[in-house]
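Right, one structure below, let's go through it.
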Amino acid sequence: MSITETAANPHIKDVLADILEEHQHIEALMDRLKEACPIDRLQLLLNELHSTLMSHFAHEQYPGGFYEYLGARHPEHHEVLRELVDDHNFILSTVRGLLERARLGDPQSTSGVAQEVADLAKRIEGHELRERDLVKQLEQAV
Ligand SMILES: [Fe+2]
Ligand SMILES: [Fe+2]
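To convert a position in the sequence shown, counted from 1, into my numbering, add 4.
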């Protein structure tokens, strides 16, 4: 599919609606994660967060999806798009780091995890908020 065809993607409204729905799912998951105390539950939720984010970020970046549409239709957002992709990499690597520490399970490796989960939640929230604003702009322009 060429960029021009993608820019005219007739399914873009559905794509954008799906993205917003996935954001709600991630938000609910982060709320559960922030409350997770026992280490086994933390590990379980971090695993779920990792696979959910992998799928969500792939969905946003896939050919014909949100990011390509935004890049093709709104070159003025090129820099923002680059930052959002960087965010995806940073967020995933942070989740992997937390997951690795939760797997180790000893108190030393898990000390400070709660604060880092809270920081991660803020980072994800800021990222999704930025995207939500962009989705709203695109929806108005469709
Ligand atoms: Fe994203
Ligand atoms: Fe997103």
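Note that CB positions come from ideal geometry on N, CA and C, so glycine has one too.
#1: Going by Cα to Cα distance, which pick from L133, G101, A122, R134 is closest to L37?
#2: Which of the three DSSP states, helix, strand or coil, is assigned to P79?
#3: Where does the unbroken alpha helix (DSSP H) through S59 begin, and where does it stop?
#4: Any heavy atom of ligand 1 inside 8 Å of the beta-carbon of H78?
#5: Quick check: what's the CA-CA separation for Q141 versus R107?
#6: Run through DSSP, which three-state label would D35 get?
#7: Go ahead and label M58 buried or exposed: buried means 16 or more other beta carbons lie within 10 angstroms of its beta carbon, across all protein chains shown.
#8: Give me the Cα-Cα distance between Y66 and T114, rounded to the nearest whole angstrom.
#9: With distances taken Cα to Cα, identify the nearest neighbour of E129 among E52, I95, E143.
#10: Look at the alpha carbon of A32 and the alpha carbon of A21, and state the distance between them as a whole number of angstroms.
#11: Regarding I30 and ligand 2, is the C-beta to nearest heavy atom distance less than 8 Å?
#12: At the level of alpha carbons, what is the spacing between V139 and G101?
#13: Residue range of the alpha helix (DSSP H) that V146 falls in?
#14: Does the beta-carbon of Q86 have 16 or more other beta-carbons within 10 angstroms, so that it is buried, or is it exposed?
So, from the data block:
#1: For L37, the closest of L133, G101, A122, R134 by C-alpha to C-alpha distance is A122.
#2: Per DSSP, reduced to three states, the secondary structure at P79 is helical.
#3: S59 -> alpha helix (DSSP H) spans 43 to 65.
#4: Every heavy atom of ligand 1 is 8 Å or more from the Cβ of H78, so no.
#5: Taking the Cα positions, Q141 is about 41 Å away from R107.
#6: In the structure shown, D35 sits in a helix (DSSP, three-state: H, G or I).
#7: Exposed, because fewer than 16 other Cβ atoms sit within 10 Å of the Cβ of M58.
#8: Per the coordinates, the alpha-carbon of Y66 lies some 34 Å from the alpha-carbon of T114.
#9: Answer by Cα proximity: I95.
#10: So the alpha carbons of these two residues sit roughly 17 Å apart.
#11: A distance criterion of 8 Å places the beta-carbon of I30 in contact range of ligand 2, judged by its closest non-hydrogen atom.
#12: So the alpha carbons of these two residues sit roughly 30 Å apart.
#13: For V146, no alpha helix (DSSP H) encloses it, and the DSSP letter there is neither H nor E.
#14: Residue identity differs from the one stated: residue 86 is Arg in this sequence, not Gln. Exposed, because fewer than 16 other Cβ atoms sit within 10 Å of the Cβ of R86.
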